[in-house]
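Undergrad: Start counting the sequence shown at 3; every next residue gets the next number (my numbering).
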Amino acid sequence: MSVLRALTVAVGTTLLIATISSASAGNVFFMKDSPLANMGEGDLEAFRSAARRALDDAGDGEAVRWENATSGAGGLLTPLSTSERDGSVCRRLRIQNAVGGQSANSEFDFCRQADGTWKVPPSDASRN
């Protein structure tokens, strides 16, 4: 798996959620053995859909479950807090995934863009 794909998957499969800026393309090698690096297309589709629901609709502390019955992969996406940053709504999202016998937890900040997509702020991407 390429480093770029691993980064994309690790920050909430941002092909769907948002486009990560090149400034956030820092240290991604720690993700090569993570559940996110082993997701298939069906897993990614289920994950992306749940991430949108969690960021758009779930209240703080309200977990949104995702699962792919075919692969057995799944997890929880939980918005932890909502804030405002530079005029945008931002949410801290806990990501818990289990794929192919591996599990992992992470947290990322996402900010809603003018077009309605969610993006990890460049200053936060390297912290996670």
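All C-beta atoms in this analysis are idealised placements derived from N, C-alpha and C, irrespective of residue type, glycine included.
For the region 37-85, which segments carrying the alpha helix (DSSP H) assignment without a break, of at least 4 residues, lie completely within its bounds, in sequence order?
TA: Counting only runs of 4 or more, we get 43-58.
Undergrad: Hey, R114 and V91: beta-carbon distance below 7 Å or not?
TA: Going by C-beta atoms, R114 is nearer than 7 Å to V91.
Undergrad: For T80 versus R96, is the C-beta spacing smaller than 7 Å?
TA: Cβ atoms of T80 and R96: closer than 7 Å.
Undergrad: Please return the same chain residues whose Cβ sits closer than 6 Å to the Cβ of S23, not counting the five positions on each side in sequence.
TA: Only weak support is given to the placement of S23: the predicted model assigns it a pLDDT of 35, under 50, and the value that follows is read from those uncertain coordinates. Cβ neighbours of S23 beyond the five flanking positions: P124.
Undergrad: Using the rule of at least 16 other Cβ atoms within 10 Å of the residue's Cβ for burial, across every protein chain shown, is R93 buried or exposed?
TA: Classification for R93: buried.
Undergrad: Count the CB pairs spanning the region 60-74 and the region 34-47 that are closer than 8 Å, and state whether there are at least three.
TA: At 8 Å Cβ cutoff, the stretches touch.
Undergrad: Smallest Cα separation from L82: which of G76, A65 and G89?
TA: Nearest option by C-alpha distance: A65.
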